[in-house]
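Asks: Dumping the structure here so I can ask a few things about it.
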Amino acid sequence: MFAPRPAVVVREMLRVLKPGGRLAFSTWPPEPFTGRMFSFIAGHLPPPPPGTERPAPPALWGDPNVVRDRLGSAVTDLRFARDTLVAAALSLQHFRMAQEKTLGALTKLVESLQNEPERLKQLRADFEAMASEVFEDNTIRMPFLMTRATKA
Numbered sequence: 531m532f533a534p535r536p537a538v539v540v541r542e543m544l545r546v547l548k549p550g551g552r553l554a555f556s557t558w559p560p561e562p563f564t565g566r567m568f569s570f571i572a573g574h575l576p577p578p579p580p581g582t583e584r585p586a587p588p589a590l591w592g593d594p595n596v597v598r599d600r601l602g603s604a605v606t607d608l609r610f611a612r613d614t615l616v617a618a619a620l621s622l623q624h625f626r627m628a629q630e631k632t633l634g635a636l637t638k639l640v641e642s643l644q645n646e647p648e649r650l651k652q653l654r655a656d657f658e659a660m661a662s663e664v665f666e667d668n669t670i671r672m673p674f675l676m677t678r679a680t681k682a
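To convert a position in the sequence shown, counted from 1, into my numbering, add 530.
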């Protein structure tokens, strides 16, 4: 889901599968927190250099219509299921700090704002406000989409 060119990903997934082989992956839908977080981060990053293609938004892999379109007739028995990842979090601040250390794009964004403390403070406050929607009883609840299909 983080590859910049989905058509290349699909081509490679299907290339390595034998006919009748199964593929399965989980992704973050665009509407809940995690999908919106990717859009939030992308909205704060500088534009790509001229002539560089902007990567496809990762959360589009969480939209069954997009996945159906991308996989097309190359698969059969395409199925989707939704579930929720539940992760422990001491606080919103601890969750944000963990994301800043492990989520590459957010790490780079925070690094780029080190000399702009007010913008960094606002970014962190906005992130925590968004994450508060999925924080309850010291857990973060992140809905995901599981996709399963068989190569035709």
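Where is the CB? At the ideal position from N, CA and C, for every residue including glycine.
How about residue 529 and residue 632: are their beta carbons less than 9 angstroms apart?
Replies: This structure leaves residue 529 out entirely; the chain is present only between 531 and 682.
Asks: State the DSSP-derived secondary structure class of residue 554, mapped to helix, strand or coil.
Replies: Three-state result, residue 554: strand.
Asks: Short of 7 angstroms in beta carbon distance, which residues of its chain neighbour residue 565, apart from the five on each side in sequence? Order them along the chain.
Replies: If we look at residue 565 and ignore the five residues flanking it on each side, its Cβ neighbours are 558, 559, 589, 592.
Asks: What is the DSSP secondary structure of residue 618, counted as helix, strand or coil?
Replies: Looking at residue 618 - three-state DSSP - the assignment turns out to be strand.
Asks: Whole angstroms are fine: how far does the CA of residue 599 sit from the CA of residue 662?
Replies: Looking at the two C-alpha atoms, the distance is approximately 33 angstroms.
Asks: Can you tell me whether residue 626 is buried or exposed? The criterion is at least 16 other CB atoms within 10 Å of its CB, across all chains shown.
Replies: Residue 626 should be labelled buried.
Asks: Can you tell which of 604, 534, 667 has the C-alpha that lies nearest to the C-alpha of residue 578?
Replies: Residue 578 has its Cα closest to that of 534, out of 604, 534, 667.
Asks: Considering residue 674, what are the terminal residues of the beta strand (DSSP E) in which it resides?
Replies: 669–681 is the extent of the beta strand (DSSP E) around residue 674.
Asks: Report the option in 620, 536, 550 whose CA atom is closest to the CA atom of residue 584.
Replies: Closest by alpha carbon: 536.
Asks: Does DSSP put residue 610 in a helix, a strand or coil?
Replies: Strand, per DSSP.
Asks: Applying the 10 Å Cβ sphere with the 16-neighbour rule, what's the burial state of residue 563?
Replies: The residue is buried, with at least 16 neighbouring Cβ atoms inside 10 Å.
Asks: Here's the rule I'm using: 16 or more other beta-carbon atoms within 10 Å means buried, otherwise exposed. How should residue 677 be labelled?
Replies: Buried is the call here.
Asks: Under three-state DSSP, which class holds residue 561?
Replies: Three-state result, residue 561: coil.
Asks: Once you ignore the five residues that flank residue 657 on each side, which residues in its own chain have a CB closer than 6 angstroms to its CB?
Replies: These residues qualify, in order along the chain: 626.
Asks: Looking at C-alpha atoms only, which residue of 553, 572, 539 is the closest neighbour of residue 638?
Replies: Comparing Cα-Cα distances from residue 638 to each of 553, 572, 539, the minimum goes to 572.
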